[in-house]
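Each residue of the sequence shown is one higher than the one before, counting from 541 in the working numbering.
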Amino acid sequence: MKINPKNGIDKLIFGMKQNDVTAIYGKPDRNYKDEDDNVIFAYNKLKMRLTFYVEEDFKLGYIVASSPELELFGYKVIDRKISDVKKDLAAKGITKFTQEEFDTFENYFNEENWIIFQTEFDEVVKFEIGAIINQKDEFDWKFGKK
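This is the structure:
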C-alpha cells in the first residue's frame, strides 16, 4: 500500500466521505465515534483506522496504519529501524522531525507532510498521516481536485 504524502494512503484521498471509502474498501470492521464525535472506521485486514472529522462535514482527514505492506517512496516503513527509514526519507528531502517520547514509544513527526512514525524499541510500529493545513489555516482537501 503506497503512502502518498499530503494526499492519503493507497486509494484513500483526504477529503473523501464515508460512502466514497466504503465503495472502495467495503464496510469497516468497526465504525464508531470518538470523544469529539468524529466518525472512525477501522479495517482489520488493512490495519488502518480512518478519521472523518465532524467539523469538516465528515471528510476523511486522518489515517493511522500499521500494515507491513505500507511503502513510502518505494521503501517499506513498518518493522524497520527508524534510523534506516529516516535515511531513506533524507534522500527525498524529508529531514525535519520533531521527536516525542512516551514510555517505550517514540514519535517522529514531520509537519511539512503531516506524517508521524511511531516507534517502539527503535522500530517503526505505526504510521500516521493527516490532511495538510494550508496558509489560510484550512484543510487542503485533495479529493475531487484535478
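Note that the Cβ used here is the ideal one computed from N, Cα and C, for glycine as well.
Values in this document were obtained by computation on a predicted structure and should not be read as measured data.
Assuming the contact rule is C-beta atoms closer than 8 Å, residue i and residue j should be a hit. Round their C-beta distance to whole Å, please.
i    : j    : result
I543 : E611 : 7 Å
A635 : F649 : In the sequence as displayed, the identity of residue 635 is Thr instead of Ala. No, T635 and F649 are not in contact; Cβ-Cβ is about 13 Å, not under 8 Å.
How should residue i be labelled, buried or exposed, when 16 other C-beta atoms within 10 angstroms of its C-beta is the threshold for buried?
i    : result
N547 : buried
V665 : exposed
T659 : buried
P688 : This structure does not reach residue 688, given that the chain is present from 541 up to 686, and the question cannot be answered.
F581 : buried
K567 : exposed
K632 : exposed
K599 : buried
D569 : exposed
Starting from the C-beta of residue i, find all residues in its chain whose C-beta is less than 6 Å away, skip the five residues before and the five after it, and write them out in chain order.
i    : result
Y615 : D628
V594 : D577, N578
F683 : I553, G555, M556
Using a Cβ-Cβ cutoff of less than 8 Å, which residues in the same chain neighbour residue i once the five nearest sequence positions on both sides are dropped?
i    : result
D624 : none
Can you name, in chain order, every residue of its own chain whose Cβ lies under 7 Å from the Cβ of residue i, other than the five neighbours on each side?
i    : result
D662 : K621, I622
Three-pair Cβ contact test at 8 Å for the stretch 578-585 versus the stretch 620-628: no
Whole runs of the alpha helix (DSSP H) within the stretch 547-588, excluding any shorter than 4 residues: 558-565
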